[in-house]
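Per the working numbering, the very first residue in the sequence shown carries number 258; after that it's consecutive. Data block below; observations after.
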Amino acid sequence: MPQPAHNKKAKFGSQIIDRFTFTNAHDIKQALHIQDPEMLSKALFALRAKLSLKPGDIIAPHDERLSLAKLWMESSPAAQDLFNIWGTVNDMSTQALVTSLFSSLLSLFSHHLPDHSYGVPIIKMILSPQWLRKLSSYIGGSHNEQILATLKLFNAISTFGSGRERKGGL
């Protein structure tokens, strides 16, 4: 008996995730320096799956995702690796993955006051004219995935630290 279509997508995604395992900052940095655009997209997809929060997730101070993200930010302050990819990649789906990863990082760093120091530099970079202009162009674009990822990022920025950084975004 054939499986429902939604299982095929989940199975495909799990195959990608299994190909990339992220246990430390070196694994992440290595994956983000892949030159093949298709493999880079798969690496970003797997990283997003690793760091994503589901609605209602409670993030403990020693959550595995949070610990991994902090290790990564210590080796790549303000997510510079992601900004480098974002500035060079032209594929809209890959740009949407990068935008979504920023949202995931900010959501992780938002939960505990000591971790805000990892998120604030990312927010400051995103709100700089160069990147804000890029995000604004996505809102007026026709790529639905990118529009949703951008709105999700703006929401993550405005709710970061229970709204502590909201003034910076206005």
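Positions of the beta carbon are idealized from the N, C-alpha and C atoms, including for glycine. Bear in mind the structure is a predicted one, so any value in this text is a computation, not a measurement.
- Taking 8 Å as the upper bound for CB-CB distance, L363 and R322 are not in contact here, some 13 Å apart.
- Within the stretch 289-337, the complete alpha helix (DSSP H) runs of at least 4 residues fall at 294-308 and 321-332.
- When the five nearest sequence neighbours on each side are left out, the beta carbons in the same chain lying within less than 7 Å of the beta carbon of W329 are those of A282 and I285, in order along the chain.
- In this structure, T356 places its C-beta atom within 8 Å of the C-beta atom of A406.
- In this structure, DSSP gives N401 a helical state, which the three-state scheme calls helix.
- For the 8 Å CB-CB criterion, L358 and L339 form a contact.
- By alpha-carbon distance to D372, the top candidate from P294, P386, D320 and K307 is D320.
- About 14 Å separates the Cβ atoms of A413 and M382, ruling out a contact at the 8 Å cut-off.
- Taking a C-beta distance under 8 Å as the contact criterion, L308 and L354 do not qualify as a contact pair.
- For H373, the enclosing alpha helix (DSSP H) has its first and last residue at H373 to I383.
- Distance from the Cα of G313 is smallest, within the candidate group P386, S415, G397 and H368, for H368.
- In the DSSP assignment, F359 falls within the unbroken alpha helix (DSSP H) covering M349 to S367.
- One Cα belongs to V377, the other to F417, and the distance between them is close to 9 Å.
- Beta-carbon to beta-carbon, L410 and L384 are separated by about 11 Å, too far to satisfy the 8 Å threshold.
- Annotated as distal: R276 and A306, with beta-carbon spacing of 8 Å or more.
- In this structure, DSSP gives T280 a state outside helix and strand, which the three-state scheme calls coil.
- In this structure, S361 keeps its C-beta atom at 8 Å or more from the C-beta atom of E402.
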